[in-house]
Each structure stands twice: as structure tokens, then as C-alpha cells.
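The numbers in this note's numbering rise by one with no breaks, and the one at position 235 of the sequence shown is 238.
This report concerns only the one structure given below.
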Amino acid sequence: CSLQAGLAVLLKAERLFHSSYHSQAVHIRPICRVSSRPALNVPTENPHWKVTHRFAQLCCRGFSDASCLAVSWELRQTLTVVFDVFSSGQGKKDWSLFKMFSRTLTDACPLASQSKVYVDISPKNKEKELLEVTPPPTSVHEAVVQGDKKTYAVYDLLSPSLFNTSRSLNVQLKWKRPQDSSEMPIPVLHAQRYVGGYGLQTGEICTLIYNTHPYRAFPVILLETVPWYLRLYVHTLTIITKGKENKPS
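This is the structure in C-alpha cells:
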């Protein structure tokens with residue numbers, strides 16, 4: 004569908020590169036399609052993902068599940084974009100799809116089996132009564148993320164009722180009354196990075212990862228993005244947790 008329909012309509016290059024942060028990633032992993040365990044439900048075969056049994060046995064050599072009889076490969080493409088609408092909007096928390104992407108959604112891609120937009124509307128203290136999301140979502144989804152209960156407004160682009168009143172979808176989040184210009188709340192798990200020293204001898208990149216949860220620990224996968232001309236020495240890697248150095252394995 005490219006830029007003609009679906010969620011890809013929002014991918015306007017000049018708006019994405021004008022954001023505070025953007026990252027593209029391609030994830031490929033093996034998933035078990037047929038298992039010898041009788042308790043597991045075997046998903047319906049998709050001819051586009053079909054793998055012969057001989058090829059599946061070759062793939063399973065590096066697969067941790069010994070009961071897997073046939074393996075399929077899952078391809079997942081992700082795009083992460085961070086817009087600082089709080090600073091660019093002069094301290095206002097209101098935002099919309101058009102403000103961020105300069106475009107709105109018109110319809111779903113005809114080739115897509117699912118096409119949904121999730122908006123985090125989880126309340127903070129008594130903020131639930133102050134938030135207003137328009138237009139009304141087609142459904143509401145609740146999930147537990149990092150130990151916290153999250154509420155999401157779901158917009159299903161394949162739902163016929165979504166475009167009954169309007170030809171385009173411009174999701175907006177507004178506050179019913181003016182809010183102060185205080186800083187946004189810090190997430191439970193967040194990170195900071197800065198550069199210290201100078202030259203090849205004392206220069207260093209420091210990444211600080213904070214977990215402010217009172218009792219829960221979270222697994223973290225850290226991906227560092229550095230310029231191509233910057234030379235890194237892996238043997239100088241140092242990991243410090245609570246003031247103690249952890250030797251990398």
C-alpha cells in the first residue's frame with residue numbers, strides 16, 4: 004500500500020526526521036509452528052510461511068524447544084518515533100496525529116489482516132476525568148506492562164463504523180481544563196546517556212539506566228547507536244550496578 008492507505012500514510016519523511024528520536028529495526032526469529040506436545044494448540048498453516056519438515060529439522064538445531072517439529076520464521080519491522088509535543092506546544096499536553104505527522108488516516112490497507120491504533124489513556128492519580136480522546140475509540144484494551152495496569156483506546160481501521168462520520172481519522176488527546184507547565188512524569192524504567200572525557204584515551208560514553216519501581220526488577224536489552232566514525236573498544240566495557248562492578252560474561 005506504500006503511502007496510499009493504511010498506517011504507512013503517517014510515515015512522512017520530513018516529519019519523522021524532525022522528531023526528537025527515531026529508530027528502525029528488523030526482527031527475525033524462529034517460532035514453533037508444529038509441536039509434539041499434545042497440550043499446545045497448533046495454529047492454522049499459512050502457505051506463505053510453510054516450511055518443509057526437512058528444513059525445519061535443520062532449523063531446530065539452534066532452537067531451544069526440542070518438541071518443535073516444524074519451524075516458521077517471523078519477520079517483524081518496527082519504527083519508533085518520539086515527538087516532544089510538550090516542548091514544541093509551549094507546555095501544552097494536547098496532541099493529535101495531524102500535529103505530529105501532518106497527515107491523518109483515511110482507511111486500512113486492503114492487504115492487511117489487522118490495522119489498529121493504540122492510545123495510552125492510563126490515568127495518573129485523578130487525571131482520568133481530565134482526559135478527552137476524540138473520536139471515541141472502537142474498543143478499550145487493558146493490559147499489565149512492567150507491573151502497572153495500562154488502559155488503551157483502540158481504533159480498528161478495519162471497522163466500518165470508524166469512518167461513518169468522517170472520511171479521515173485524526174486521533175486527538177485534549178485536556179478538559181488548562182494544565183500547569185510542570186514536567187512530564189518520568190517512566191518507571193528510563194535511561195540517560197552522555198559523553199565524557201576527550202580523545203581516544205579518556206573519552207567515554209556513559210549510559211545510565213534507572214528502575215524506580217519499589218520492588219520489581221526488569222530484564223533490559225540495551226542497543227547503543229553510535230556514529231560510524233567512532234571507534235569503540237569492547238574490552239573497556241564497564242557495568243556498575245548499585246555501586247558494584249559486574250563483569251560481563
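In this text, a Cβ means the ideal position worked out from N, Cα and C, and glycines have one as well.
{"Query": "Per the contact definition of three or more C-beta pairs closer than 8 Å, is the region 106 to 125 in contact with the region 142 to 158?", "Result": "yes"}
{"Query": "What did DSSP end up calling residue 200 once you bin it into helix, strand or coil?", "Result": "coil"}
{"Query": "Assuming the contact rule is C-beta atoms closer than 8 Å, residue 105 and residue 174 should be a hit. Round their C-beta distance to whole Å, please.", "Result": "Not confirmed; about 14 Å, so no contact."}
{"Query": "Under 8 Å between the Cβ atoms of residue 176 and residue 158?", "Result": "no"}
{"Query": "How big is the Cα-Cα spacing for residue 215 and residue 191?", "Result": "5 Å"}
{"Query": "Whole angstroms is fine: what's the gap from residue 23's alpha carbon to residue 202's?", "Result": "27 Å"}
{"Query": "Where DSSP assigns a beta bridge to residue 140, which residues make up the other side?", "Result": "Paired residues: none, contrary to the question."}
{"Query": "CA-CA distance, residue 257 and residue 222?", "Result": "This structure cannot settle anything about residue 257, because the visible part of the chain is limited to 4 through 252."}
{"Query": "If you scan the region 186 to 250 from start to end, which runs of the beta strand (DSSP E) of 3 or more residues do you find wholly inside it?", "Result": "192 to 199, 207 to 214, 242 to 244, 247 to 249"}
{"Query": "Could you tell me which of 227, 219, 229 sits nearest to residue 148, measuring between CA atoms?", "Result": "219"}
{"Query": "Spatial neighbours of residue 19 within its chain, please: C-beta separation below 7 Å, excluding the five flanking residues on both sides.", "Result": "25, 84"}
{"Query": "Sorted by chain position, which residues of the same chain lie with C-beta nearer than 6 Å to residue 30's C-beta, five sequence neighbours on each side aside?", "Result": "79"}
{"Query": "Relative to the C-alpha of residue 9, which candidate in 165, 115, 36, 88 has its C-alpha closest?", "Result": "115"}
{"Query": "Taking the C-alpha atoms as reference points, what is the distance between residue 195 and residue 229?", "Result": "15 Å"}
{"Query": "May I ask you to report which of helix, strand or coil DSSP gives residue 16?", "Result": "helix"}
{"Query": "Near residue 241, which residues of its chain fall below 7 Å by C-beta distance, leaving aside the five closest residues on each side in sequence?", "Result": "248"}
{"Query": "Would the beta-carbon of residue 14 fall within 8 Å of that of residue 39?", "Result": "no"}
{"Query": "Taking buried to mean at least 16 other C-beta atoms within 10 Å of its own C-beta, is residue 233 buried or exposed?", "Result": "exposed"}
{"Query": "What residues are listed by DSSP as bridge partners for residue 32?", "Result": "77"}
{"Query": "For residue 165, which residues of its own chain have a beta-carbon under 7 Å away from its beta-carbon, when the five flanking residues on both sides are left out?", "Result": "141, 158, 159, 172"}
{"Query": "Measure the C-alpha to C-alpha separation of residue 213 and residue 88 and round it to an integer number of angstroms.", "Result": "24 Å"}
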